[in-house]
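Protein chains: 2
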Amino acid sequence: MSAAQQDLKIDGRRLWDSLMALARIGATPAGGVNRQALTDADRQARAQFTQWCEAAGCRVRTDAIGNLIARLPGQNDDLPAVMMGSHLDSQPTGGKFDGAYGVMAGLEVLRAIRESGRIPPRAVELAAWTNEEGTRFAPSMMGSAVYAGLLPLEEALAVVDADGVTVAEALRQAGVSPSGEDPGLPMAYFEAHIEQGPVLEAEGKPIGVVTAAQGQCWFRVSFQGQAAHAGSTPMNMRADALAAAARVVTALNEIGKAHAPGCATAGRMVVTPNSPNVIPGSVVLSAEMRHPDDAVRSAMESLFHEAVAAAAREHSVQVRTDKILEQPAAPFAAACMQAIRHSARQRQYPCLDIVSGAAHDAVALSRIVPSGMIFVPCAGGISHNEAESAEPDDLAAGCQVLCDSVLAFCHGDAAGR
Amino acid sequence: MSAAQQDLKIDGRRLWDSLMALARIGATPAGGVNRQALTDADRQARAQFTQWCEAAGCRVRTDAIGNLIARLPGQNDDLPAVMMGSHLDSQPTGGKFDGAYGVMAGLEVLRAIRESGRIPPRAVELAAWTNEEGTRFAPSMMGSAVYAGLLPLEEALAVVDADGVTVAEALRQAGVSPSGEDPGLPMAYFEAHIEQGPVLEAEGKPIGVVTAAQGQCWFRVSFQGQAAHAGSTPMNMRADALAAAARVVTALNEIGKAHAPGCATAGRMVVTPNSPNVIPGSVVLSAEMRHPDDAVRSAMESLFHEAVAAAAREHSVQVRTDKILEQPAAPFAAACMQAIRHSARQRQYPCLDIVSGAAHDAVALSRIVPSGMIFVPCAGGISHNEAESAEPDDLAAGCQVLCDSVLAFCHGDAAGR
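From first to last, the protein sequence lines are chains A and B. Going by the numbering used here, the first sequence wraps up at 417, each residue one higher than the last. Going by the numbering used here, the second sequence wraps up at 1417, each residue one higher than the last.
Shown next as structure tokens:
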């Protein structure tokens, strides 16, 4: 990185102000944000984004799924751009930073470049992906998945919300119409995001260099035993569905612990009839496993199936296991990680390699272009919650690293070129 | 037992017909019975009981909590009677046999004695205890507990149902008024009942000699951990309330298995927030332990508390344990057991010593007079269920043993005198 590039400092205060201004759109009384995809609040946020980007010298185009892509021209606009991005939509009881941070950090980078008066060698783009959260319209990461060719456009447009409104109708109602242009894929993609986990805060590191998004698989495990009187049914004549399910919960926990940095979780359990003096007749349990290495996750899955079979045998219950979701791991590009790590070291921000447990738009992008993610700490690791909180200094540090990484790729200093 | 007494045979067909006639009062479309305490259906059943008993030569008295006690006079009516009994009320979706069998078996004994033309040396009584089930008015076994002096009358009369109706009002509405007489406590009490468990059926024995009702204690265990993202919270930074609760479920199961004929059960579990990709933040679990020996149950309880503490430590969660019920074990009288066993052997009914896991009116009576219980098999051990079912031959065998045991005590052949 040249000294001239290193001089380009983002404005942490302006970034914070933009975040707070955006958080007023869809603000909830409890201090959070309800800005679900393609609602009126989301429409307002999209309009604000467009206005800010245009004021920073960008053209903003819209694609057929409603992704907004702001483009700051470069010296040679025929070269592939360097893209930043994240999402403006939120959970129903979401926070101010999930998604919003990545978009506002990108905006701050565009503003800083614009203000410097220097025109980068190639264009810099900033995407606000449609419907990352997936709460109104499933699946999540809809816009970035369509952009990356992972989800057919027609399929996405036909998805309906709880009121029967399709994505296509919701786009029309939000006044979204595709602008038609398409300058092609970028050379690389960077996304800044709050960690949504407790590691960076606990380790005292403002910057996480995300090495991969974990692959994951979700199962529904249904145990069928025999409901019976808890006083008059001897232990050796029971078919106790909860006793069997408890074995699987414990096994999952042990599988997770034995395969760090992967994890394994039983999050949901429904017991029937769920009465203190009745032996549980049936239990439905959720089980999910995640790991950045798909081969390791596959081994975890085998151990899980063995534990389920052993629990069923031990407690004389029938069991059925349905896989309801599987996503492969997404390792991020070495060149992107190097650029992020290099910036953090130059700026003397303590940093840490970290795996993303959650999925992000960058996972979709990583399937088609070299991609990288920058994590910053959030208080207590709490996210998808109105109490979501992050420190202005950490947010500024992540934004500075985003800026440096983007410029490194623009100037061709990065190994990825 | 003298040869003459042994000749007194009950009529199994008449017993079955009485049971079926009684089951029409409060019959449900699914073949069960809904005859909750002091409802209109219960009132009808009480009237039918009174009519049948009077036709069998009995006087029927009513006490202040509405217990109906039919009395067939003996040669010396100043001697304490031998009492039989059970209950006419049912669960909301109850079966034809729970309670009803013990009352109709007693009625059949009265009819058989009456028809024989022989007057027993002392009176024989048959009680229909008020509100054994406790579903409309808690607690269960209300009438027998008041009779035995375990529950103050005024306290019982003041209990309200879900509509705010007191027991006192419900008794008035059902036309119940105390008849005032009280010939004093009986010399012994016998109750016939379906097992409500699977043991007799599995062992092929029509008669269970109940040696004790298990003592029991119930706990509510509340685990408080930290809800967090299942993908981004490393295993070693979790406070997973469900993982902790699962350890306790497994420990309970092992405690139960190690202390036969006692048992231990986790029947109810409520997980919050109960979402597949969120680490459970809190769990409320029910835990109950039963054993016929209170000292052994106390040892089971200690192991349970150790397991709760270990689970909380292992998973970094807070835990609170509340004891919400405790009942001491009720061993039945040796003399009553001997009379039951003797009859079964004389009649060549295979029999088995068995512990009652459930509580019954006989438990209350056992606190004040020598008491015994006779169990007969029920299909699949299923009870508190409209599908409750029992074989006519088994019901007749249990009734015959009841008759023989009562007469043995009447004649002073039994060791209990």
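For each residue, glycine too, the CB sits at the ideal point set by N, CA and C. Computed from a predicted structure; not experimentally measured.
Which residues in the same chain as A:G416 place their Cβ atom closer than 7 Å to its Cβ, once the five residues preceding and following it in sequence are excluded?
-> Residue mapping note: residue 416 of chain A aligns to position 416 of the first sequence, counting from 1. In this prediction, A:G416 scores a pLDDT of 41, lower than 50, which makes its location untrustworthy; the coordinate-derived value is nonetheless stated afterwards. Sequence-distant partners of A:G416 (beyond 5 residues in either direction) whose C-beta falls short of 7 Å from its own C-beta, in its chain, are A188, A333, A335, C336, P370, F409.
Distance between B:A1213 and B:P1261 (C-alpha atoms, nearest Å) | Residue numbering aside, residue 1261 of chain B sits at position 261 when the second sequence is read from its first letter. Residue numbering aside, residue 1213 of chain B sits at position 213 when the second sequence is read from its first letter. Their backbone Cα atoms lie some 11 Å apart in a straight line.
Buried versus exposed, by CB contacts within 10 Å (16 or more), B:A1311 | Translated into the one-based positions of the second sequence, residue 1311 of chain B becomes position 311. It counts as buried.
For A:D78, three-class secondary structure by DSSP = Residue mapping note: residue 78 of chain A aligns to position 78 of the first sequence, counting from 1. In the structure shown, A:D78 sits in coil (DSSP, three-state: anything other than H, G, I, E or B).
Opposite B:F1190 in the DSSP bridges: which residues?
-> For the purposes of this step, residue 1190 of chain B is taken as residue 190 along the second sequence, with counting starting at 1. According to DSSP, which records beta bridges pairwise, B:F1190 is partnered with B:M1084, B:G1372.
B:L1019 classed as buried or exposed, judged by whether at least 16 other C-beta atoms fall within 10 angstroms | Counting from one through the second sequence, the residue named residue 1019 of chain B turns up at place 19. Classification of B:L1019: buried, given that the 10 Å Cβ count is 16 or more.
Minimum Cβ-Cβ distance from B:A1358 to chain A less than 8 Å | For the purposes of this step, residue 1358 of chain B is taken as residue 358 along the second sequence, with counting starting at 1. With respect to chain A, the C-beta atom of B:A1358 has a partner C-beta closer than 8 Å.
Which residues, in chain order, does the stretch 1244–1278 of chain B contribute to contact with chain A at a C-beta distance below 7 Å?
-> A1246, R1247, V1249, T1250, N1253, G1256, K1257, A1260, P1261, C1263, T1265, A1266, G1267, R1268, M1269, V1271, N1274, S1275, P1276, N1277, V1278
In this structure, does DSSP put B:C1403 in helix, strand or coil?
-> Position 403 of the second sequence holds residue 1403 of chain B. Three-state DSSP puts B:C1403 in a helix.
Would you call B:N1076 buried or exposed, if buried means 16 or more other Cβ atoms sit within 10 Å of its Cβ?
-> Position 76 of the second sequence holds residue 1076 of chain B. Flag for B:N1076 reads exposed.
Identify which residue in B:Q1224, B:F1097, B:P1331 has its Cα closest to the Cα of B:D1293.
-> Numbered from its first residue, the second sequence carries residue 1293 of chain B at position 293. Selected option, being the one with the closest Cα: B:P1331.
What's the call for B:A1021, buried or exposed, on a 16-neighbour Cβ count within 10 Å?
-> If you number the second sequence from 1, residue 1021 of chain B lands on position 21. B:A1021 should be labelled exposed.
Cross-chain neighbours of A:Q196 in chain B, by beta carbon under 7 Å = On the first sequence, position 196 is the one that residue 196 of chain A refers to. Those are H1229, S1232, listed as they occur along chain B.
Chain B within 8 Å of A:A202, Cβ atoms only | Here residue 202 of chain A refers to the residue found at position 202 when the first sequence is read from its first residue. Cβ-Cβ to chain B under 8 Å: yes for A:A202.
Assign B:T1211 to one of three DSSP states: helix, strand, or coil.
-> Taking the second sequence and counting its residues from 1, the one referred to as residue 1211 of chain B is at position 211. Of the three classes helix, strand and coil, the one that applies to B:T1211 here is strand, per DSSP.
Is there a Cβ from chain A that is less than 8 Å from the Cβ of B:S1286?
-> For the purposes of this step, residue 1286 of chain B is taken as the residue at position 286 of the second sequence. At least one chain A Cβ lies under 8 Å of B:S1286.
For A:V249 versus B:A1243, is the C-beta spacing smaller than 8 Å?
-> Numbered from 1 along the first sequence, position 249 holds the residue referred to as residue 249 of chain A. Numbered from 1 along the second sequence, position 243 holds the residue referred to as residue 1243 of chain B. In contact: A:V249 and B:A1243 (Cβ atoms closer than 8 Å).
Hey, B:L1072 and B:A1123 are a contact pair by Cβ (cut 8 Å); roughly how many whole angstroms apart?
-> For the purposes of this step, residue 1072 of chain B is taken as the residue at position 72 of the second sequence. For the purposes of this step, residue 1123 of chain B is taken as the residue at position 123 of the second sequence. Right, their Cβ atoms sit about 6 Å apart.
Under the rule that 16 or more other beta-carbon atoms within 10 Å means buried, what is A:A4, buried or exposed?
-> The count along the first sequence starts at 1 and reaches residue 4 of chain A at position 4. Here A:A4 scores only 49 on pLDDT, less than 50, and its place in the model should not be relied on; the value that follows carries that caveat. Exposed is the call here.
Bridge-paired residues (DSSP) for B:R1114 | Residue 1114 of chain B sits at position 114 when you count from the first residue of the second sequence. Its beta-bridge partners do not exist; DSSP assigns none.
Cβ distance (whole Å) where A:V82 is taken to contact A:V401 below 8 Å = Residue numbering aside, residue 82 of chain A sits at position 82 when the first sequence is read from its first letter. Residue numbering aside, residue 401 of chain A sits at position 401 when the first sequence is read from its first letter. Not confirmed; about 14 Å, so no contact.
Please check if any C-beta of chain B sits within less than 8 Å of the C-beta of A:S383.
-> Within the first sequence, residue 383 of chain A is the residue found at index 383, counting from 1. Chain B contact via Cβ: present.
In the DSSP assignment, what are the bridge partners of A:E326?
-> As a first step, residue 326 of chain A is located in the first sequence; it is residue number 326 there, counting from the start. DSSP lists A:C217 as partners of A:E326.
State the Cα-Cα distance for the pair B:A1227 and B:P1273, rounded to the nearest angstrom.
-> By one-based count along the second sequence, residue 1227 of chain B stands at place 227. By one-based count along the second sequence, residue 1273 of chain B stands at place 273. Whole-angstrom Cα-Cα distance: 8 Å.
Residues sharing a beta bridge with A:L126, DSSP = Within the first sequence, residue 126 of chain A is the residue found at index 126, counting from 1. Beta-bridge pairing links A:L126 to A:A70, A:M84.
Roughly how many angstroms separate the alpha carbons of A:Q338 and A:N236, rounded to a whole number?
-> As a working note, residue 338 of chain A is residue 338 in the first sequence. As a working note, residue 236 of chain A is residue 236 in the first sequence. Near 60 Å, if we compare the C-alpha coordinates of A:N236 and A:Q338.
Report all residues from its chain with a CB closer than 7 Å to the CB of B:L1150; omit the five preceding and five following residues, and keep chain order.
-> Position 150 of the second sequence, counting from 1, holds the residue named residue 1150 of chain B. Correct list, in chain order: A1364, R1367.
First and last residue of the alpha helix (DSSP H) that includes A:S235?
-> What you label residue 235 of chain A is simply residue 235 of the first sequence in a count that begins at 1. For the sequence presented, residue 235 of chain A should be read as Met rather than Ser. It is not in any alpha helix (DSSP H) - A:M235 carries neither H nor E in the DSSP assignment.
Spatial neighbours of A:D404 in its chain, beta-carbon cut-off 6 Å, leaving aside the 5 residues before and after = Taking the first residue of the first sequence as 1, we reach residue 404 of chain A at position 404. So the list reads S343, once near-sequence residues are dropped.
Backbone secondary structure at A:I279 - three-state DSSP | As a first step, residue 279 of chain A is located in the first sequence; it is residue number 279 there, counting from the start. Reduced to three states, the DSSP call for A:I279 is strand.
Identify the continuous beta strand (DSSP E) that holds A:V355 and give its terminal residues.
-> As a position in the first sequence, residue 355 of chain A is number 355, starting the count at 1. Taken as a continuous stretch (DSSP letters only), the beta strand (DSSP E) holding A:V355 covers 351–356.
For a contact meaning CB atoms closer than 9 Å, what does A:M237 contact in chain B?
-> Counted from its first residue, the first sequence places residue 237 of chain A at position 237. Per Cβ cutoff of 9 Å: G1197, P1198, V1199, A1202, G1381.
Are B:A1359 and B:M1141 closer than 8 Å when you measure CB to CB?
-> Position 359 of the second sequence holds residue 1359 of chain B. Position 141 of the second sequence holds residue 1141 of chain B. For B:A1359 and B:M1141, yes; Cβs fall inside 8 Å.
Taking 8 Å as the CB-CB limit, is B:R1320 close to chain A?
-> Working through the second sequence from its first residue, we reach residue 1320 of chain B at position 320. False, the Cβ-Cβ gap to chain A never drops below 8 Å.
Can the beta-carbon of A:A56 be found closer than 8 Å to that of A:R111?
-> Here residue 56 of chain A refers to the residue found at position 56 of the first sequence. Here residue 111 of chain A refers to the residue found at position 111 of the first sequence. Yes, the Cβ-Cβ distance between A:A56 and A:R111 is below 8 Å.
Would you mind sorting B:I1324 into buried or exposed? The rule is 16 or more other CB atoms within 10 Å of its CB.
-> The sequence position of residue 1324 of chain B within the second sequence is 324, counting from 1. The residue in question, B:I1324, is exposed, as its Cβ has fewer than 16 Cβ neighbours within 10 Å.
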